[in-house]
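Single-structure report; data block below.
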Amino acid sequence: MHVTSTAKSTAAAVAARIGELNYVSASNNASHRTFTTAYQGTPSDGKHNQHLLTHLIPYQSSLKDGRRVEVDFFRHSPTDIEDDEWFAGMALMNLVIREGRSWPFEEDFGSVEAWRGYFLSHTAFVVRALDNGMDAAGRNSSTHGEVLGCFYIKPNFPGRCSHVCNGGFITAPRFRGLGIGRLMGNVFLRAAKDMGYKSSYFNLVFESNVGSVKLWESLGFERVATLENAARLEGLDDGKLDTAFGYRYDLEKLPEDYLGIGNASHTD
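The numbering used here puts the last residue of the sequence shown at 519; the count rises by one with no breaks.
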């Protein structure tokens, strides 16, 4: 079939216009895309694949001070904000954002809906106190049911790489040093494996966050990447940028009875 030069020009113009519209649309909706699922998602309740973890969650343990705690899914109360762990989780997230030392964010989450899109888009947990106790400094008490920490598990990348998961961990500042981070890390590994992830990769573990570096290395994570001048963090000398490390864990090598719990019997 013969195509005239006029038809060719018209087709080219239409294609160019479509390209412009697609570019504008993508730009205007960048905050809603799920290209990198580690940082974007759809607001949910954090219970994705809950049926794969019935053998594990809730998981009970004890902290260094003997206080009993449990790792469980977030509880939501639509009528009582005091008992709503969504608000507790968002408060902890905003607290560490303001600290400016361990997460890349600079702005608080302004609504629970926005926070849910980030933290509860896939699978997320709290560390909940089962006993009363004191904070790490021994000055203030905690109460039964108080949220001492929280973390999530979700794909680090979309599509063909979605079997690589990411995790985000927060320990309430006044309860640091009691073993909450290690507890969350251990449950993270077992839960991620049981949900079918093949490996885990943490994108940004800052060099100045010595406790985090020590924790992941002690749990068997392998440092596989170094990104210099990666972050403007609080507490550093003026003008200094911190180095970030990338840590990987091969979940297929995790023992089947990790945490002393046998294999889950389930069908996907």
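Positions of the beta carbon are idealized from the N, C-alpha and C atoms, including for glycine.
- Sequence-distant partners of S328 (beyond 5 residues in either direction) whose C-beta falls short of 7 Å from its own C-beta, in its chain, are D334, D335.
- Bridge pairing for Y498: F453, R474 [DSSP].
- D445: member of the alpha helix (DSSP H) spanning 431 to 445, first to last residue.
- By the CB criterion at 8 Å, D493 and F457 fall inside the cutoff.
- Note that the segment 355 to 362 does not touch the segment 460 to 472; fewer than 3 beta-carbon pairs, one per stretch, sit closer than 8 Å.
- Put simply, the backbone Cα of T305 is about 15 Å away from that of Y509.
- Under DSSP, the beta-bridge partners assigned to C401 are V377, I421.
- The DSSP-derived three-state label of K298 is strand.
- The residue from G317, G340, Q311, D359 with its alpha-carbon nearest to that of G297 is G340.
- Counting C-beta pairs closer than 8 Å gives fewer than three between the segment 396 to 408 and the segment 472 to 480, which falls short of the contact rule.
- Looking at the backbone, the Cα of Y500 and that of Y403 are separated by about 16 Å.
- Collapsing the DSSP output to three states places N345 in a helix.
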